[in-house]
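Engineer: In our numbering, each residue's number is its place in the sequence shown (first place is 1) plus 74.
All C-beta atoms in this analysis are idealised placements derived from N, C-alpha and C, irrespective of residue type, glycine included.
Quantities reported herein were computed from a predicted structural model and do not represent experimental measurements.
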Amino acid sequence: LLVDAVGNLPEAVYNRPKTPFILPFNLWLRGSLKPILEKELLKSRIFNYKYIRKSLNEFYAYKLSWSRIWGLFVLNRFIGENL
Numbered sequence: 075l076l077v078d079a080v081g082n083l084p085e086a087v088y089n090r091p092k093t094p095f096i097l098p099f100n101l102w103l104r105g106s107l108k109p110i111l112e113k114e115l116l117k118s119r120i121f122n123y124k125y126i127r128k129s130l131n132e133f134y135a136y137k138l139s140w141s142r143i144w145g146l147f148v149l150n151r152f153i154g155e156n157l
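1. For Leu138 versus Ile126, is the C-beta distance shorter than 8 angstroms?
2. In chain order, what residues of the same chain lie with their CB nearer than 8 angstroms to the CB of Phe144, ignoring the 5 residues before and after it?
3. So the candidates are Tyr134, Leu146, Leu97; which of them puts its Cα closest to the Cα of Tyr123?
4. Assuming Ile153 and Ile120 form a contact by the criterion Cβ under 8 angstroms, report the distance between their Cβ atoms to the nearest whole angstrom.
5. Since Tyr123 is in the alpha helix (DSSP H), which residue starts that stretch and which ends it?
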C-alpha cells in the first residue's frame, strides 16, 4: 500500500475512510474554460444556436448542470472533428 511506503503516519490519517476526488468542472466551465466553451458551442455547425444560448444562460444562472454543458461541448468536438 502507498501508506505503508510513506512511513510513520498518524493513526487518524492511516485509518480514515476513503474520500472521492472531484474535479471542479463547474468552476472551470464558469471560469478559465468559459471563453473556449462559448466560442466553440456558439459557432457549432451541429447544434441550434438558440438552444445553445438558452442552455448556457441556464447554466450561468445555476439552473442547468455543468454536465449538460460539458456533454454538449465534448459531443460538438467529437462530431465536429468527424464531419
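Structural biologist: Walking through what the data contain:
1. no
2. Here residue 144 turns out to be Trp, not Phe, going by the sequence shown. Same-chain partners within the cutoff: Phe99, Leu103.
3. Leu146
4. 5 angstroms
5. 123–134
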